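Visitor:
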Amino acid sequence: MSFSTLGLSDPILKAITETGYTKPTPIQAQAIPLILKGDDVLAAAQTGTGKTAGFTLPLLERMVQHHQPLKSHRGQPKRHIRALILTPTRELAAQIGENVEMYSRYLPYKSTVIFGGVNINRQINVLKSGIDILIATPGRLLDLASQKVVDLSKVETLVLDEADRMLDMGFIHDIKKIVRLVPKQRQTLLFSATFSKEIKALASGFQRNPSLVEVATQNKTADRIAQLVHPVDKSKKRDLLSKLIKEGGWKQVLVFTRTKHGANKLCEYLEQQGINSAAIHGNKSQGARTKALANFKSNKIRVLVATDIAARGIDIDMLPHVVNFELPNVPEDYVHRIGRTGRAGREGEALSLVCVDENDYLRGIERLIGQKINKVVVKGFEVDSSIKAEPINQGGGRGRRGGGGHRNSNEKNRDKSSQEKSGGNSRNRSRKRSRSRNSQGSKDS
Ligand code: AMP
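Under my numbering, the first residue of the sequence shown is numbered 4, with each subsequent residue one higher.
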């Protein structure tokens with residue numbers, strides 16, 4: 004199967020060829036024909052499967068096919084928002100924005116990305132100048148809609164990307180408000196890592212008779228990722244990491260820590276070791292996050308140390324190494340983390356440094372992915388069996404739940420500044436959702 008047999012027109016095919024894609028990924032092969040037909044699509048596709056192109060390419064093609072001549076407005080073409088792509092985090096929004104620009108480079112459409120944490124006036128000006136495709140996080144979008152600077156009344160296609168994560172982050176009310184602002188008569192595409200009960204409920208509320216597409220088994224990690232655990236004492240983790248990076252000659256490593264403070268400390272240590280590093284998490288300004296990511300992508304820094312939320316949406320071609328410096332307390336986050344490597348069928352390696360305190364987390368992860376992960380002890384880093392497991396402190400609050408642990412509210416609050424959220428009563432809503440992880444987000448205006 005090739006892209007040209009999918010019925011995409013020349014300007015889109017030319018852009019695809021220039022990106023270097025030679026054939027559609029499975030999600031693209033399945034979703035593109037359905038979306039071109041005009042179906043609502045409910046797709047379960049994990050990150051790294053090529054899902055962004057899976058919805059962007061047919062969305063563009065439909066715009067081409069239903070092309071309405073852009074009416075002139077004082078010499079300028081008059082545009083209106085025809086496609087709206089909603090996504091949970093700033094990084095993901097920016098990433099999708101880049102993809103849309105790339106795929107539409109030979110088409111006459113204008114796209115833009117809006118999210119919180121950055122100057123709103125510039126976004127208002129861009130919106131006023133006329134946009135065909137809008138990529139947005141829910142909070143800032145509602146803010147702009149309430150200021151009447153964004154008109155969603157002519158949206159033809161609505162995409163809910165990473166819908167599961169949007170629900171996890173407590174965006175359900177914002178999404179409902181946004182859906183009320185777009186026409187009833189529209190195409191709705193819903194992408195999620197899994198088909199959970201909540202996602203099915205969301206789909207039945209917003210979609211009409213959706214066609215189902217599923218390419219990866221629920222919660223299974225991508226096949227091409229080699230996973231390995233290095234058992235190691237907690238106090239020796241950073242030395243081990245430094246040794247692995249130096250001796251392996253690793254040039255681009257994404258390292259996950261559980262807390263922002265931990266990310267900063269590890270980053271400082273690696274710098275002391277002569278390994279160029281930057282940390283990316285919710286306490287960093289948007290400018291610092293964007294710069295760190297750009298430097299990492301262009302190989303100016305070797306290591307990017309990230310917390311889970313900040314890492315969402317990081318998409319780097321052929322990222323070869325992902326290291327879990329600490330295992331996540333939510334098993335699904337492991338799948339998301341290691342999905343940063345081995346993207347779109349390429350090979351990657353995901354290492355986890357696991358101390359005795361984290362054995363329960365490891366078991367939870369292995370249960371979720373349905374496989375045991377190989378353990379390899381590194382010489383000189385043998386585990387001291389006299390060290391007993393201690394509850395993991397998630398940052399000064401409660402201990403673990405049933406041995407497996409979960410985030411306490413302090414941790415959730417600390418993470419919130421890396422997320423998008425509208426202001427006002429969101430805090431009350433979030434309190435209600437305190438059972439859900441990451442349920443709060445920063446006011447992004
Ligand atoms: P996504 O799942 O949308 O985050 O995409 C993951 C990665 O796959 C991105 O780096 C894309 O550029 C890349 N990609 C998307 N489609 C293809 C394709 N058909 N062939 C090769 N790489 C692709």
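Beta carbons: idealized from backbone N, C-alpha and C, even for Gly.
Only a predicted model underlies this, so the values are computations on that prediction, with no experimental measurement involved.
1. Hey, could you find the ends of the alpha helix (DSSP H) Asn267 is sitting in?
2. Determine the contact status of Leu356 and Asn327, defining contact as a CB-CB distance below 8 Å.
3. Hey, is Thr28 close to the ligand AMP, as in C-beta under 7 Å from one of its heavy atoms?
4. Is Gln31 near the ligand AMP, judged by its Cβ being under 7 Å from some heavy atom?
5. Would you check if there are 3 or more beta carbon pairs closer than 8 Å linking the region 388 to 396 to the region 360 to 370?
6. Secondary structure at Thr59, three-state DSSP: helix, strand or coil?
7. Return the chain-ordered ranges of every beta strand (DSSP E) run that is complete within the region 118 to 170 and spans a minimum of 3 residues.
8. Do Ala206 and Leu39 come within 8 Å of each other at the CB atom, strictly closer than that value?
9. Taking C-beta to C-beta, are Ile480 and Leu16 nearer than 8 Å?
10. Assess contact between the region 125 to 135 and the region 172 to 190, defined as three or more Cβ pairs (one per stretch) separated by less than 8 Å. Is contact present?
11. Give the secondary structure of Val379 by DSSP, where H, G and I count as helix, E and B as strand, and everything else as coil.
12. Pull up the CB-CB distance for Arg82 and Asp135, whole angstroms please, since I reckon it's below 8 Å.
13. Nearer than 7 Å: is that true of the beta carbon of Tyr24 relative to any heavy atom of the ligand AMP?
14. Below 8 Å on the Cβ atoms is my guess for Arg241 versus Glu329; work out the distance and round it to an integer in Å.
15. So, helix, strand or coil for Ser114, using DSSP?
16. Ile517 to Gly277, Cα distance in whole Å?
17. Ignoring anything shorter than 3 residues, give me the beta strand (DSSP E) runs that lie fully in the region 176 to 223, in order along the chain.
18. Between the Cα of Ala197 and those of Leu170, Arg211, Gly208, Asn212, spot the shortest distance and give me the residue it belongs to.
19. Quick check: the region 244 to 251 against the region 275 to 292, are at least 3 beta-carbon pairs closer than 8 Å?
20. Hey, would you say Gly2 sits closer than 8 Å to Thr28, going by beta carbons?
21. For Ala204, count the other beta carbons within 10 Å of its own beta carbon; 16 or more makes it buried, fewer makes it exposed. Which is it?
22. When DSSP labels each residue in this structure, what does Ile88 get in the three-state scheme?
23. With Lys26 and Ser7 assumed to form a contact (beta carbons below 8 Å), what rounded beta-carbon distance in angstroms separates them?
24. What are the start and end residues of the beta strand (DSSP E) that includes Gln230?
25. Looking at the structure shown, is Lys303 part of a helix, part of a strand, or coil, going by DSSP?
26. Which of helix, strand or coil does DSSP assign to Leu16?
27. What are the residues that DSSP puts in a beta bridge with Phe384?
28. Distance check for Ile138 and Glu94, CA to CA, integer angstroms please.
29. Buried or exposed: Ser195, going by 16 or more other Cβ atoms within 10 Å of its Cβ?
30. In the DSSP assignment, what are the bridge partners of Glu352?
31. What residues are listed by DSSP as bridge partners for Val44?
32. Is the Cβ-Cβ distance between Val216 and Leu37 less than 8 Å?
33. Would you mind stating whether Leu243 and Phe58 have Cβ atoms separated by less than 8 Å?
34. Measure how close the beta-carbons of Ile341 and Ile228 come, nearest whole angstrom, since I'm counting them as under 8 Å.
35. Please go through the same chain and pick out, in chain order, the residues whose beta-carbon is closer than 8 Å to the beta-carbon of Gln245, but skip the five residues on each side of it.
36. With H, G and I counted as helix, E and B as strand and the rest as coil, what does DSSP make of Ala392?
Guide: According to the structure data:
1. The count along the sequence shown starts at 1 and reaches residue 267 at position 264. Element bounds for Asn267: 263 to 275.
2. Numbered from its first residue, the sequence shown carries residue 356 at position 353. Numbered from its first residue, the sequence shown carries residue 327 at position 324. Yes, Cβ-Cβ distance for Leu356 and Asn327 is below 8 Å.
3. For the purposes of this step, residue 28 is taken as residue 25 along the sequence shown, with counting starting at 1. The answer is yes for Thr28.
4. Within the sequence shown, the letter at position 28 stands for residue 31. Yes; taking the cut-off as 7 Å, the Cβ of Gln31 has a heavy atom of the ligand AMP nearer than that.
5. yes
6. By 1-based counting over the sequence shown, the position of residue 59 is 56. Note: Thr59 maps to helix in three-state DSSP.
7. 136 to 139, 160 to 163
8. Walking along the sequence shown from the start, residue 39 turns up at place 36. Walking along the sequence shown from the start, residue 206 turns up at place 203. Their beta carbons are not under 8 Å apart, which means Leu39 does not touch Ala206 by this criterion.
9. Outside the displayed span of the chain (4 to 448) sits residue 480, for which this structure offers no information.
10. no
11. The count along the sequence shown starts at 1 and reaches residue 379 at position 376. Three-state DSSP puts Val379 in coil, outside helix and strand.
12. Working through the sequence shown from its first residue, we reach residue 82 at position 79. Working through the sequence shown from its first residue, we reach residue 135 at position 132. Their Cβ separation, rounded to whole angstroms, is 5 Å, which keeps Arg82 and Asp135 in contact under 8 Å.
13. Here the question's residue 24 lines up with position 21 in the sequence shown. Yes, since a heavy atom of the ligand AMP falls inside the 7 Å radius drawn around the Cβ of Tyr24.
14. As a first step, residue 241 must be located in the sequence shown, where it is residue number 238. As a first step, residue 329 must be located in the sequence shown, where it is residue number 326. The pair is not a contact, with the Cβ atoms about 11 Å apart (cut-off 8 Å).
15. Translated into the one-based positions of the sequence shown, residue 114 becomes position 111. Reduced to three states, the DSSP call for Ser114 is strand.
16. Not covered by the structure: residue 517. The range shown for the chain is 4 to 448.
17. 190 to 195, 214 to 217
18. Residue numbering aside, residue 197 sits at position 194 when the sequence shown is read from its first letter. In the sequence as displayed, the identity of residue 197 is Thr instead of Ala. Nearest of Leu170, Arg211, Gly208, Asn212 to Thr197, Cα basis: Leu170.
19. yes
20. Outside the shown range of the chain (4 to 448) lies residue 2, about which nothing can therefore be said.
21. As a first step, residue 204 is located in the sequence shown; it is residue number 201 there, counting from the start. Classification of Ala204: exposed, given that the 10 Å Cβ count is below 16.
22. Along the sequence shown, one-based indexing puts residue 88 at 85. Here Ile88 sits in strand by DSSP.
23. Within the sequence shown, numbered from 1, the residue matching residue 26 stands at position 23. Within the sequence shown, numbered from 1, the residue matching residue 7 stands at position 4. Not a contact, Cβ separation roughly 10 Å.
24. As a working mapping, residue 230 is identified with position 227 in the sequence shown. Residues 228 to 234.
25. Here residue 303 refers to the residue found at position 300 when the sequence shown is read from its first residue. Lys303: coil per DSSP, three-state reduction.
26. Taking the sequence shown and counting its residues from 1, one reaches residue 16 at position 13. Three-state DSSP puts Leu16 in a helix.
27. By 1-based counting over the sequence shown, the position of residue 384 is 381. DSSP output for Phe384 lists no bridge partner at all.
28. For the purposes of this step, residue 94 is taken as residue 91 along the sequence shown, with counting starting at 1. For the purposes of this step, residue 138 is taken as residue 135 along the sequence shown, with counting starting at 1. Each residue's Cα considered, the two are about 11 Å apart.
29. Here the question's residue 195 lines up with position 192 in the sequence shown. Burial call: buried.
30. Along the sequence shown, read from residue 1 onward, the residue named residue 352 stands at position 349. Paired residue(s): Ala229, His324.
31. The residue given as residue 44 occupies position 41 in the sequence shown. According to DSSP, which records beta bridges pairwise, Val44 is partnered with Leu192, Ser214.
32. Counting from one through the sequence shown, the residue named residue 216 turns up at place 213. Counting from one through the sequence shown, the residue named residue 37 turns up at place 34. Yes, the Cβ-Cβ distance between Val216 and Leu37 is below 8 Å.
33. Reading the sequence shown from its first residue, position 240 is the one you call residue 243. Reading the sequence shown from its first residue, position 55 is the one you call residue 58. It is not a contact, given that the beta carbons lie outside the stated cut-off.
34. As a first step, residue 341 is located in the sequence shown; it is residue number 338 there, counting from the start. As a first step, residue 228 is located in the sequence shown; it is residue number 225 there, counting from the start. At roughly 6 Å, the Cβ-Cβ gap stays under 8 Å, so Ile341 and Ile228 are in contact.
35. Against the sequence shown, residue 245 aligns to sequence position 242. In the sequence under discussion, the amino acid at residue 245 is Ser, which differs from the Gln named in the question. So the list reads Tyr272, Leu273, Gln276, Ile278, once near-sequence residues are dropped.
36. Within the sequence shown, the letter at position 389 stands for residue 392. Reduced to three states, the DSSP call for Ala392 is coil.
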